[in-house]
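Down below is the structure, laid out as structure tokens.
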Amino acid sequence: MAAEANNAKPTFLSPPQEGEKPIVSLRGITKRFPGVIALDHIDLDIYPGTVHALLGENGAGKSTLVKVLYGIYTPDEGEIIINGRPTRLTSPADAINTGIVMVSQSPQIIDTLTVAENIILGLEKYNHLVPVTKVYKIIREESKRVGIKIEPSIEVWRLSYTQKQLVEILRAILLGAKVLLLDEAITYLPIEEKQRFYKFIRQFADEGGTVVLITHKIYEAMDVADKITVLRRGKVAGHLDRKEATIEKIRALMFGERSAEITYERLPTAQPEPKTVLEVKDLWVMGDFGGYAVQGVSLEVKKGEVLGIAGVAGNGQKELIQAIMRLRPIIKGRIIYNGEDITRKTTYYLRINGVGYIPDLPAKYGVSIENSIIENIAVLPVYSRGIINWDKVKELALKLIKEYEIKTPSPDTPVKFLSGGNIMKVLVARELTVATNLLVAYNPTRALDEATAIKVRKVIKEKVLKNKVSAIIASEDLDEIFQISDRIAVMNSGKIVGVFPADKAKREEIEHLMVM
Amino acid sequence: MVIIRRVKPLPYWIIPIIALLAGIAISVIILYVLMGASPAAVLSAIVYGFTRPGVVAKTFVALTIVGIALLVSFKGSIWNIGGEGQITFGLMAATWVALFTALPYINPGLAQASMILLAMVAGGVWALLAALPRAYLGLDEVPVTLIMNYIAYYIVDILVRGPWLGKHVYNYIRTDTIPSQVMFPQVPGTTMTWDGLLLLIILLIGVWYLLKNTSIGLRIKILGNNPNLLRSSGISVPLMIIVALTISGIIAGSVGALYLGGDVYRISYPIEVHTANYGYTGILVAWLSMLELIAVPIAAYIVSALYTAGIQYQILVGGHLGQLITAGSAIVDVFIGSILLMYTILITISEYKIRIIVKKR
């Protein structure tokens with residue numbers, strides 16, 4: 000097993016093959032932020048024609064490292080060597096000029112423009128006098144070549160998340176990318192879309208391109224990478240070749256002693272009480288692009304149980320969850336919470352009556368990153384009606400920071416200075432505290448690394464078992480569904496196609512129902 | 000030498016101060032090149048402005064209050080450009096109390112309070128009218144509030160030409176002068192009134208408390224940063240937009256009463272020529288304060304000192320150069336424009352820093 004990297008003399012577990020030179024090399028890259036060392040003497044070699052995965056738990060320094068590679072951050076120490084030449088990257092434009100292009104987890108494209116307009120924006124070689132038809136032609140040809148299907152004349156807001164990511168990739172390729180930085184760019188894609196992406200990544204590398212895949216999901220790295228570098232607490236924990244890598248090895252490097260806690264065993268099954276906490280009756284909800292996303296869904300959640308909703312992304316789970324939270328209009332049907340019809344009630348009513356909510360994309364919907372941790376807690380109506388008792392909120396914040404091991408200099412720190420995983424922890428901690436009766440969640444652990452995700456599931460389940468709280472959790476991660484649920488409902492094309500007790504459910508059967 | 004993006008922002012007070020100094024320097028150059036104005040005279044006028052708190056006081060009070068008003072809505076990313084209209088509506092309401100009710104003769108103290116309170120209500124209503132389409136139809140509040148300034152002007156103009164035209168004004172088109180009972184008493188040795196000073200203190204403390212300790216204040220701040228969080232927390236976003244803009248209008252409206260009771264004592268036609276433009280100048284105050292409440296009075300003092308300096312310069316050299324008779328307010332505009340320009344440029348530049356790297360051999 001690889002030991003912690005020695006700072007003074009880096010050890011390279013996978014030496015370059017004969018005659019091959021790295022396209023990008025990092026030597027002693029160090030980046031400090033007030034109070035923390037985000038990167039501590041990182042050494043890394045990336046070779047052309049390979050897919051190189053950068054793995055690490057939340058807050059390990061992956062994002063910072065990518066930002067250094069993309070010219071967003073300038074390192075305090077160390078050197079970036081591109082094609083054998085020491086290079087100083089001071090802006091993304093610099094990076095793009097050297098052939099390094101980043102695709103991030105949140106698509107950086109403008110919703111009101113068309114695909115073609117978005118793509119041409121960043122491309123200097125196609126100036127604004129080029130006829131639209133020619134641009135369309137270039138895009139169609141190029142997208143066909145790389146195996147991406149996209150219609151250039153469509154406005155971006157009509158596209159799904161996956162398609163937006165495809166547009167980003169296409170733009171990167173048209174920009175002449177030799178090194179693609181994928182910063183959690185595929186983490187949020189549904190499984191079958193991921194497979195298509197893997198194929199594309201493979202093809203890109205086989206044609207001599209280089210892909211740096213930044214992820215906290217081990218299987219993503221195992222699926223597609225040739226080489227894996229694990230970061231831990233700002234240092235290189237080890238370099239692995241795909242051939243020698245095993246999940247156990249990687250986990251040990253990523254989490255150290257915490258890797259022992261990783262298990263996908265089912266958490267204890269709850270003994271629900273007969274009382275129904277949430278009942279959904281024949282619910283019809285519209286999607287974003289017209290048409291019914293939820294088509295006559297009926298389900299119920301008993302007091303003290305977890306109902307998991309399994310399904311491939313885009314089958315109406317998001318709309319169902321939002322309708323339950325009263326964030327989306329209900330066209331037909333009824334929702335009953337604690338015996339009361341809430342079809343015409345507001346989100347506010349739910350929030351002051353013991354309902355916690357963990358939305359998807361936490362930084363966008365669940366927290367305000369410019370505000371402090373305390374303010375992000377105080378915003379909930381249960382803590383702020385009229386005058387805010389800051390002492391009380393601060394006390395709670397300190398308690399949650401300790402309980403959930405949130406890494407932050409203080410509770411007054413703006414959330415934007417926390418790592419993605421820690422932001423998610425702030426959200427989960429806050430929502431579990433207000434969920435005295437019901438927790439509604441959508442992909443609650445997607446932004447978290449394995450060890451933290453499992454911990455969050457344990458905390459949720461503990462709350463369900465101990466305090467008899469109910470939970471309805473929709474997730475695209477079947478491992479999560481199996482681990483935490485007491486009953487599993489499968490959602491497909493806006494309908495519930497089957498409900499199973501989790502301890503007797505067969506994985507194959509559920510997978511089959513999900514894609515049928 | 001390389002230019003890189005800053006990770007840690009500069010302390011927020013540095014930029015306004017550099018902008019101020021650079022803006023003054025540029026103004027001096029512009030005035031010298033274009034008008035042959037002696038830099039010494041301009042600078043001495045500026046020194047005069049900054050060292051005469053008693054003279055500056057009236058403008059200072061008005062601009063601080065407008066600055067506070069705009070800060071409340073700016074914190075929520077609601078860009079209230081309608082301070083001017085809200086002030087005009089406040090002016091109208093206060094005039095009504097002073098001229099068309101018997102209150103000034105019954106209870107002058109109550110009358111003065113009513114002038115201010117009713118002005119606040121009127122300012123609030125005018126802002127609310129802009130807030131509703133913003134909240135429920137998503138209509139951009141910037142053009143709406145801006146256009147409503149002119150509607151407010153013309154409503155007052157119609158009143159002054161018609162039903163409110165004074166009986167003792169000869170051929171001037173203006174209202175009668177308000178009764179002396181409701182002329183706000185002045186703080187001795189200054190141009191400001193006790194009413195204005197008191198109101199300023201109440202508003203400063205009130206808004207500080209609002210933003211720091213109340214749920215409304217916190218929600219306004221979060222509205223400015225991420226309205227999605229409000230939504231998922233169960234708080235109505237349209238309602239918070241209405242609250243932020245209306246509070247802003249209520250505070251701005253009070254300046255209309257101060258302007259009437261402590262400065263002009265009547266409305267002259269056309270109001271758009273006779274306005275002090277506090278609603279627009281207040282935008283500069285709010286920006287120079289970097290949306291920090293404690294910095295609003297400082298920014299207001301600086302702007303009002305420059306305002307006074309422009310007028311003082313006109314007095315100093317007015318007889319010397321004929322064209323300078325109307326140049327007083329133009330000089331104020333040069334100052335304010337230069338500072339705002341410098342401020343805008345520096346805000347962008349401040350995100351970067353220059354680092355000189357010596358190459359090791």
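For the record, the sequence lines run as chains A and B. Counting along the first sequence from 1, when you hit position 68 you're at 67 in numbering that gives the first Met the number 0, and nothing is skipped either side. Counting along the second sequence from 1, when you hit position 326 you're at 325 in numbering that gives the first Met the number 0, and nothing is skipped either side. Note that CB positions come from ideal geometry on N, CA and C, so glycine has one too. Fair warning: this is a prediction, and the values are worked out from it, not measured in the lab.
Of all the alpha helix (DSSP H) runs that stay within the bounds of the stretch 244 to 280 of chain B, which reach a length of 4 or more residues? If we require 4 residues or more, the alpha helix (DSSP H) runs fully inside the stretch 244 to 280 of chain B come out as 270 to 273.
Cβ of S349(B) within 8 Å of any chain A Cβ: no
Curious, which full-length alpha helix (DSSP H) runs of at least 4 residues does the stretch 110 to 189 of chain A contain? Listed in chain order, the complete alpha helix (DSSP H) runs (minimum 4 residues) inside the stretch 110 to 189 of chain A are 114 to 120, 131 to 144, 160 to 173.
Would N370(A) pass as an interface residue toward chain B - the criterion being a Cβ-Cβ separation below 8 Å? yes
Boundaries of the beta strand (DSSP E) in which R325(A) is found, first to last residue: Looking at the DSSP string, R325(A) is not in any beta strand (DSSP E), and its letter there is neither H nor E.
Would you call the stretch 134 to 146 of chain A in contact with the stretch 156 to 163 of chain A, where contact means no fewer than 3 C-beta pairs closer than 8 Å? no
Close beta carbons around A446(A), own chain, < 7 Å, minus the five adjacent residues each side: P361, G419, G420, M423
Over what stretch of residues does the beta strand (DSSP E) that includes S278(A) continue unbroken? A small correction: the amino acid at residue 278(A) is Glu; Ser does not occupy that position in the sequence shown. Looking at the DSSP string, the run of the beta strand (DSSP E) that includes E278(A) is 272 to 285.
Any Cβ of chain A within less than 8 Å of the Cβ of I330(B)? The beta carbon of I330(B) does not come within 8 Å of any beta carbon belonging to chain A, so the residue lies off that interface.
Starting from R232(A), trace the beta strand (DSSP E) in both directions and tell me its first and last residue. Run containing R232(A): none; DSSP gives neither H nor E here.
From the DSSP output, read off the bridge partner residues of D44(A). S24(A)
Cβ separation of M239(B) and V155(B), assumed to be a contact under 8 Å, to the nearest whole Å: Not quite, the Cβ-Cβ distance comes to about 30 Å (not below 8 Å), so this is no contact.
Determine whether the Cβ of I16(B) lies closer than 8 Å to any Cβ atom of chain A. no
Is G307(A) helix, strand or coil by DSSP? strand
Same chain only: Cβ atoms within 7 Å of V254(B), ignoring 5 sequence neighbours per side: Closer than 7 Å at Cβ, skipping near neighbours: A61, I64, V65, I86, G89, Y277.
Please confirm whether L326(A) has its beta-carbon closer than 8 Å to some beta-carbon of chain B. yes
Less than 8 Å between CB atoms is the rule here; does I240(B) satisfy it with respect to chain A? Taking Cβ atoms only, chain A never reaches closer than 8 Å to I240(B), which makes this a no.
I need the DSSP call for R173(B), collapsed to helix, strand or coil. strand
Please list the partners that K220(B) has in chain A, where partner means a Cβ-to-Cβ separation under 8 Å. N370, E374
If you measure between the beta carbons of A501(A) and I320(A), is that distance less than 8 Å? No; because the gap between Cβ atoms is not below 8 Å, this pair is not in contact.
Are the stretch 138 to 145 of chain B and the stretch 258 to 272 of chain B in contact at 8 Å, needing three or more beta carbon pairs? no
Note down, in chain order, every chain A residue with its Cβ under 9 Å from the Cβ of G75(B). Result: empty, since nearest Cβ-Cβ is about 12 Å, beyond 9 Å.
What residue range does the alpha helix (DSSP H) around G166(B) cover? Rather than Gly, the amino acid found at residue 166(B) in this sequence is Lys. K166(B) -> no alpha helix (DSSP H), and no H or E assigned at all.
Within 10 Å of its beta-carbon, does V229(A) have 16 or more other beta-carbons around it, so buried, or fewer, so exposed? buried
Does the distance from the CB of W283(A) to the CB of G332(A) come in under 8 Å? yes
Whole-angstrom distance between D182(A) and S103(A), CA atom to CA atom: 5 Å
Do the stretch 209 to 228 of chain B and the stretch 367 to 376 of chain A meet, that is, are 3 or more Cβ pairs less than 8 Å apart? yes
Straight-line Cα distance separating L70(B) from Y306(B): 21 Å
Starting from V354(A), trace the beta strand (DSSP E) in both directions and tell me its first and last residue. Counting along the chain, the unbroken beta strand (DSSP E) around V354(A) starts and ends at 354 to 357.
Do the CB positions of M290(B) and R133(B) come within less than 8 Å of each other? According to the sequence shown, residue 290(B) is Leu rather than Met. No, Cβ-Cβ distance for L290(B) and R133(B) is not below 8 Å.
Please confirm if L228(B) has its CB atom under 8 Å from at least one CB of chain A. yes
Determine the direct distance from the alpha carbon of I310(B) to that of G53(B), and round the result to whole angstroms. Straight-line Cα distance between these residues: approximately 15 Å.
Under a three-way DSSP split, which group does M182(B) fall into? coil
Under 8 Å, Cβ to Cβ, is there at least one residue of chain B near A434(A)? no
Hey, quick one: how far does the beta strand (DSSP E) through E449(A) stretch, first residue to last? No beta strand (DSSP E) contains E449(A), which is instead part of the alpha helix (DSSP H) from 449 to 466.
Meets three-Cβ-pair contact criterion under 8 Å: the stretch 258 to 271 of chain A and the stretch 236 to 245 of chain A: no
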